[in-house]
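Chemist: The structure under discussion is supplied below as structure tokens; questions concerning it will follow.
Number of protein chains: 2
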Amino acid sequence: MATIYDVSILAGVSLATVSRVVNNTGKVSEKTCKKVHDAMEQLGYRPNSIAQSLASNRSNSVGVLVSQLDGPFYGPLMREIESVLRAANKHVIIAAGHSDAAQEKDAVEFLLSRGCDALIVDAEILSNEYLQKLCKGKTPVVLINRHVDGIEDRCVHLNNLEGGLLASRHVLEHGHQQVAYISGPLFKLDARERLEGHKQALTEKGLTFDERLFFEGDFREEGGYEGMEVLFERGQPFTAVVCANDQMASGAIALCLERGLQVPQDISFVGFDNIPFPRYISPKLTTVCNPIQDMGHMAANWVLKEVYDNREVNFSHRFEPELVVRESVQPPKA
Amino acid sequence: MATIYDVSILAGVSLATVSRVVNNTGKVSEKTCKKVHDAMEQLGYRPNSIAQSLASNRSNSVGVLVSQLDGPFYGPLMREIESVLRAANKHVIIAAGHSDAAQEKDAVEFLLSRGCDALIVDAEILSNEYLQKLCKGKTPVVLINRHVDGIEDRCVHLNNLEGGLLASRHVLEHGHQQVAYISGPLFKLDARERLEGHKQALTEKGLTFDERLFFEGDFREEGGYEGMEVLFERGQPFTAVVCANDQMASGAIALCLERGLQVPQDISFVGFDNIPFPRYISPKLTTVCNPIQDMGHMAANWVLKEVYDNREVNFSHRFEPELVVRESVQPPKA
DNA sequence: CTGTTAGCGCGTTCAG
DNA sequence: CTGAACGCGCTAACAG
Chain Y
1 MATIYDVSIL
11 AGVSLATVSR
21 VVNNTGKVSE
31 KTCKKVHDAM
41 EQLGYRPNSI
51 AQSLASNRSN
61 SVGVLVSQLD
71 GPFYGPLMRE
81 IESVLRAANK
91 HVIIAAGHSD
101 AAQEKDAVEF
111 LLSRGCDALI
121 VDAEILSNEY
131 LQKLCKGKTP
141 VVLINRHVDG
151 IEDRCVHLNN
161 LEGGLLASRH
171 VLEHGHQQVA
181 YISGPLFKLD
191 ARERLEGHKQ
201 ALTEKGLTFD
211 ERLFFEGDFR
221 EEGGYEGMEV
231 LFERGQPFTA
241 VVCANDQMAS
251 GAIALCLERG
261 LQVPQDISFV
271 GFDNIPFPRY
281 ISPKLTTVCN
291 PIQDMGHMAA
301 NWVLKEVYDN
311 REVNFSHRFE
321 PELVVRESVQ
331 PPKA
Chain X
1 MATIYDVSIL
11 AGVSLATVSR
21 VVNNTGKVSE
31 KTCKKVHDAM
41 EQLGYRPNSI
51 AQSLASNRSN
61 SVGVLVSQLD
71 GPFYGPLMRE
81 IESVLRAANK
91 HVIIAAGHSD
101 AAQEKDAVEF
111 LLSRGCDALI
121 VDAEILSNEY
131 LQKLCKGKTP
141 VVLINRHVDG
151 IEDRCVHLNN
161 LEGGLLASRH
171 VLEHGHQQVA
181 YISGPLFKLD
191 ARERLEGHKQ
201 ALTEKGLTFD
211 ERLFFEGDFR
221 EEGGYEGMEV
231 LFERGQPFTA
241 VVCANDQMAS
251 GAIALCLERG
261 LQVPQDISFV
271 GFDNIPFPRY
281 ISPKLTTVCN
291 PIQDMGHMAA
301 NWVLKEVYDN
311 REVNFSHRFE
321 PELVVRESVQ
331 PPKA
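Chains Y and X supply the protein sequences, listed in that same order.
So the first sequence is numbered by UniProt numbering: it starts at 1 and just counts up by one.
So the second sequence is numbered by UniProt numbering: it starts at 1 and just counts up by one.
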């Protein structure tokens, strides 16, 4: 690979001049500029970004930490982040936390030592204290899907409580009185908030929360499926199920269908997240829209604004959920 | 951030010695080793990987280029690659080609200039010539989902022809005589190969390929949906549809269901890729397994072996598809 | 076993 | 407007 040195020789100028034209910094005469460009062209020169980073203390790359790289939730998030940053000619270094404390921490530190200009972090496990300290550090950090006291301005998150409220209110307004709830893992803040919303909705209707109609799942299909089995086993009747995300709803509905129940005729369902389902699935799930892509977009915008001084972009911290009514809820049978 | 220099001062040794203990290279006495470790601990020292890269000409990161970051196909691929590499303490820099020639090329060049030790490339658009040249370059490259003449040893790919054969043979063996085919975009080799398999299966049964039963889609749900509309419009009867991937099958089935057709009673379907569908979808799609994760694993292994001299891993270039029989095919109605 | 000395490729003063 | 010189933080010979 040709270096800046080779270019300077060929162009008959100094290293510094080449650097200037490459970075558009400082004045260079039309003529020398052209000479340099020709030389670069001829040598197929591409600046070595490692060396650039070391010298300028800026890597033009931002680190992204998510818990998984795939799936209907994180996939679109990452796509959005990559798109925005890429459009600004910044690049993305990705690491997965795999829902493991050690790996999550390790990933953060790697991204840091890798010289990222900023971090976008979807932390599942890392403690508030750790994150607070992280945000105090030299490398700017945005947190996504989480809000932590004291660093609210670094958090991009959804109003999960409101979401939970919308979901449960919806089934309640259809006349359901006995509604089960399949929750996400309660060590996660968003799972707790959604549950809280559910409880509030219950309260609004003068109903009380019943532990026997509650199951703590894992945000995955399996958890929904298993939760449904458990709920049926307990024998406490219910006519609707609110699930803390669409994937668990999917698993839960699967079990019902297997047992010959009709959805929504026999039992209603509402999910959360509004992930894309295949076109031919039936019934279409009523759910709460989680604007995860918008949030990814925002996080990327924040980085552009704060780190790369792009003042063109707008920013907001908190996103509001919306109910997406489809076919999986109807009034309970008389 | 503390530098290696700070550590050497605090530990009362030289830079070189610190470097030695950090990298476990060369002998260092127990005692000095401990002193250094203590100093590192105390300063919270983390080596600056940018500087390491520049000095050692090795970045411990491998670039991955895929066309998209999300979706049921690329998601699992990336997850697998990241897992394998991460386990070997290597890191992953990801770029998306977005099915655009310029972006794909740009992404490759970025990854190259970013000092990646190797590239794993899923090239949709880049020409064979470009890829051949790329593989001649200094940075080792593995191609995934593609095989290119002259650089077969760099390619990890599926026997798509065999896959197409399996899919079509399956419906043919169920007695279908009039089978439609919804193809992927024919500028892609894998789409062409799968189609070729379909044609061979037809020939085996003494049937001839009928252009009126052919539609060139886009590998997405929309393409399947639209393809189905077109096929119906043409009025040429058929009792089964072979789709070049599951997503198009999904779209195509959706249209049938909308029109009140039953699958597989009225019309049979077979897909390709075996992507994960939600648990409660019905009918379950009969398809051909595309071991995309295994291929990702292999590509990562190749890098480990060739670039990082890990001889523990095995490697194979070509993967064989397998038919996954589920519920979407049954004999045509009398 | 340990310290010294060159660079790695580039950005950035500071003189001219 | 241009060039010389230094340094980013670290690795890799080469001497001791």
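Just so you know, even glycine gets a beta-carbon here, dropped at the ideal spot from N, CA and C.
Under 8 Å, Cβ to Cβ, is there at least one residue of chain Y near GLY251/X?
Modeler: As a working mapping, residue 251/X is identified with position 251 in the second sequence. Yes, GLY251/X lies at the interface with chain Y (some Cβ there is under 8 Å from its Cβ).
Chemist: Do CYS243/Y and ALA254/Y count as a contact pair if the criterion is CB distance below 8 Å?
Modeler: Locating residue 254/Y in the first sequence gives position 254, counting from the first residue. Locating residue 243/Y in the first sequence gives position 243, counting from the first residue. Their beta carbons are not under 8 Å apart, which means ALA254/Y does not touch CYS243/Y by this criterion.
Chemist: Quick one: measure Cβ to Cβ for SER61/Y and HIS91/Y, integer angstroms, because I've assumed they're closer than 8 Å.
Modeler: The residue given as residue 61/Y occupies position 61 in the first sequence. The residue given as residue 91/Y occupies position 91 in the first sequence. With a Cβ gap of about 4 Å, SER61/Y and HIS91/Y count as contacting.
Chemist: Hey, out of SER56/X, ILE50/X, GLU306/X, GLY184/X, whose CA is closest to PHE219/X's CA?
Modeler: On the second sequence, position 219 is the one that residue 219/X refers to. Of SER56/X, ILE50/X, GLU306/X, GLY184/X, the residue nearest in Cα terms is GLY184/X.
Chemist: Cβ of VAL28/Y within 8 Å of Cβ of ALA11/Y?
Modeler: Here residue 28/Y corresponds to residue number 28 of the first sequence, with the count starting at 1. Here residue 11/Y corresponds to residue number 11 of the first sequence, with the count starting at 1. Going by C-beta atoms, VAL28/Y is not nearer than 8 Å to ALA11/Y.
Chemist: Report the residues of the segment 288-308 of chain Y with a CB closer than 8 Å to any CB of chain X, ordered along the chain.
Modeler: Residues: none.
Chemist: Spell out whether any CB of chain Y is found under 8 Å from the CB atom of residue 363/X.
Modeler: Since the first residue shown for chain X is 1 and the last is 334, residue 363/X is missing from the structure and cannot be characterised.
Chemist: Given this structure, state the Cα-to-Cα distance separating TYR130/X from ALA101/X, to the nearest angstrom.
Modeler: For the purposes of this step, residue 130/X is identified with residue 130 of the second sequence, where counting begins at 1. For the purposes of this step, residue 101/X is identified with residue 101 of the second sequence, where counting begins at 1. About 12 Å.
Chemist: So, are the CB atoms of LEU172/Y and CYS155/Y less than 8 Å apart?
Modeler: Working through the first sequence from its first residue, we reach residue 172/Y at position 172. Working through the first sequence from its first residue, we reach residue 155/Y at position 155. Against a cut-off of 8 Å, the Cβ pair of CYS155/Y and LEU172/Y comes out as no contact.
Chemist: Is it a yes or a no for the segment 185-195 of chain Y touching the segment 315-328 of chain Y, going by three-plus beta-carbon pairs under 8 Å?
Modeler: Counting Cβ pairs under 8 Å, fewer than three are found: no touch.
Chemist: So if DSSP puts LEU119/Y in a beta bridge, which residue, or which two residues, is it bridged to?
Modeler: For the purposes of this step, residue 119/Y is taken as residue 119 along the first sequence, with counting starting at 1. Partner(s): GLY63/Y, VAL141/Y.
Chemist: Give me the Cβ distance between PHE73/Y and ASP266/Y, rounded to the nearest whole Å; I'm assuming they're in contact under 8 Å.
Modeler: In the first sequence, counting from the first residue as 1, residue 73/Y sits at position 73. In the first sequence, counting from the first residue as 1, residue 266/Y sits at position 266. So it is not a contact: roughly 28 Å between Cβ atoms.
Chemist: So HIS170/X and LEU323/X are supposed to be a Cβ contact under 8 Å. How far apart are they, rounded?
Modeler: Translated into positions along the second sequence, residue 170/X becomes position 170. Translated into positions along the second sequence, residue 323/X becomes position 323. That belief holds up - the Cβ atoms of HIS170/X and LEU323/X are roughly 6 Å apart, short of 8 Å.
Chemist: Could you give the first and the last residue of the continuous alpha helix (DSSP H) run that contains SER53/X?
Modeler: The residue given as residue 53/X occupies position 53 in the second sequence. Where SER53/X is concerned, the enclosing alpha helix (DSSP H) stretches over 49-56.
Chemist: In its own chain, which residues sit with a C-beta less than 6 Å from the C-beta of GLN293/X, not counting the 5 before and 5 after it?
Modeler: Within the second sequence, residue 293/X is the residue found at index 293, counting from 1. Once the five neighbours on either side are set aside, the close Cβ partners of GLN293/X are PRO76, GLU80.
Chemist: I'd like to check one pair, ASP117/X with SER59/X: are the Cβ atoms closer than 8 Å?
Modeler: Taking the second sequence and counting its residues from 1, the one referred to as residue 59/X is at position 59. Taking the second sequence and counting its residues from 1, the one referred to as residue 117/X is at position 117. Yes, these two residues count as a Cβ contact at 8 Å.
Chemist: Closer than 8 Å, CB to CB, is VAL92/X near chain Y or not?
Modeler: Looking up residue 92/X in the second sequence gives position 92. By this cut-off, VAL92/X is an interface position.
Chemist: Between GLY175/Y, PHE214/Y, LEU165/Y, which has its C-alpha nearest LEU186/Y's C-alpha?
Modeler: Against the first sequence, residue 186/Y aligns to sequence position 186. Considering only alpha carbons, the answer is PHE214/Y.
Chemist: So, for GLN200/Y: in the same chain, excluding its five sequence neighbours on each side, which residues have a beta-carbon less than 6 Å away from its beta-carbon?
Modeler: Translated into the one-based positions of the first sequence, residue 200/Y becomes position 200. Cβ neighbours of GLN200/Y beyond the five flanking positions: LEU165.
Chemist: When you check each C-beta in the UniProt domain "HTH lacI-type" (2-56) of chain Y against every C-beta of chain X, which residues fall closer than 8 Å?
Modeler: Listed in sequence order: ARG46, PRO47, ASN48, SER49, ILE50, ALA51, SER53, LEU54.
Chemist: Return no unless some Cβ of chain Y is closer than 8 Å to the Cβ of residue 402/X.
Modeler: Here chain X comprises residues numbered 1 to 334, so residue 402/X is not present and cannot be evaluated.
Chemist: Taking 8 Å as the CB-CB cut-off, is SER113/Y touching chain X?
Modeler: To locate residue 113/Y, count along the first sequence from 1; it is residue 113. So yes, SER113/Y belongs to the interface.
Chemist: Could you tell me how far apart the beta carbons of VAL241/X and ILE182/X are, in whole angstroms, since I believe they sit closer than 8 Å?
Modeler: Here residue 241/X corresponds to residue number 241 of the second sequence, with the count starting at 1. Here residue 182/X corresponds to residue number 182 of the second sequence, with the count starting at 1. Yes, they are in contact, since the Cβ atoms of VAL241/X and ILE182/X sit about 6 Å apart, within 8 Å.
Chemist: Beta-carbon of LEU186/X versus every beta-carbon of chain Y: anything under 8 Å?
Modeler: Position 186 of the second sequence, counted from the first residue, corresponds to residue 186/X. No, LEU186/X does not count as interfacial toward chain Y.
Chemist: Taking DSSP as the reference, what is the three-state secondary structure of SER70/Y?
Modeler: By one-based count along the first sequence, residue 70/Y stands at place 70. Reading the sequence as shown, one finds Asp at residue 70/Y and not Ser. DSSP places ASP70/Y in coil when its eight states are reduced to three.
Chemist: Can you tell me where the beta strand (DSSP E) holding GLU306/X begins and where it ends?
Modeler: Here residue 306/X is taken as the residue at index 306 of the second sequence, counted from 1. Run containing GLU306/X: none in the beta strand (DSSP E); it sits in the alpha helix (DSSP H), 292-306.
Chemist: DSSP three-state call for THR203/Y: helix, strand or coil?
Modeler: One-based indexing of the first sequence puts residue 203/Y at position 203. In the structure shown, THR203/Y sits in a helix (DSSP, three-state: H, G or I).
Chemist: What does the Cβ neighbour count give for ILE17/X, buried or exposed, with the cut at 16 atoms within 10 Å?
Modeler: Translated into the one-based positions of the second sequence, residue 17/X becomes position 17. Sequence inspection shows Thr at residue 17/X; the Ile mentioned does not correspond to that position. With 16 or more other Cβ atoms within 10 Å, it is buried.
Chemist: Please list the terminal residues of the continuous alpha helix (DSSP H) segment that includes THR287/Y.
Modeler: Here residue 287/Y refers to the residue found at position 287 when the first sequence is read from its first residue. Taken as a continuous stretch (DSSP letters only), THR287/Y belongs to no alpha helix (DSSP H), being part of the beta strand (DSSP E) at 287-289.
Chemist: In chain X, which residues lie with their C-beta within 7 Å of the C-beta of ASP70/Y?
Modeler: Taking the first residue of the first sequence as position 1, residue 70/Y is located at position 70. Residues of chain X passing the Cβ test: GLY75, PRO76, MET78, ARG79.
Chemist: Can you tell me whether DSSP reads LEU186/X as helix, strand or coil?
Modeler: Counted from its first residue, the second sequence places residue 186/X at position 186. Coil, per DSSP.
Chemist: Where does PHE214/X sit, in a helix, a strand or coil, going by DSSP?
Modeler: Counting from 1 along the second sequence, the entry for residue 214/X is found at position 214. Reduced to three states, the DSSP call for PHE214/X is strand.
Chemist: Can you pull the chain Y neighbours of PHE214/X, defined as C-beta to C-beta under 9 Å?
Modeler: Within the second sequence, residue 214/X is the residue found at index 214, counting from 1. Ordered by position in chain Y, no residue passes the 9 Å Cβ test against PHE214/X, which lies about 22 Å from the chain.
Chemist: Answer with buried or exposed for VAL270/X, where buried requires no fewer than 16 other C-beta atoms within 10 angstroms of its C-beta.
Modeler: By 1-based counting over the second sequence, the position of residue 270/X is 270. Buried, by the Cβ-count rule.
Chemist: Taking C-beta to C-beta, are PRO321/X and ASN145/X nearer than 8 Å?
Modeler: Walking along the second sequence from the start, residue 321/X turns up at place 321. Walking along the second sequence from the start, residue 145/X turns up at place 145. Cβ atoms of PRO321/X and ASN145/X: not closer than 8 Å.
Chemist: On the three-state DSSP scale, how would you describe ILE125/X?
Modeler: Along the second sequence, read from residue 1 onward, the residue named residue 125/X stands at position 125. The answer is coil: DSSP assigns ILE125/X none of H, G, I, E or B.
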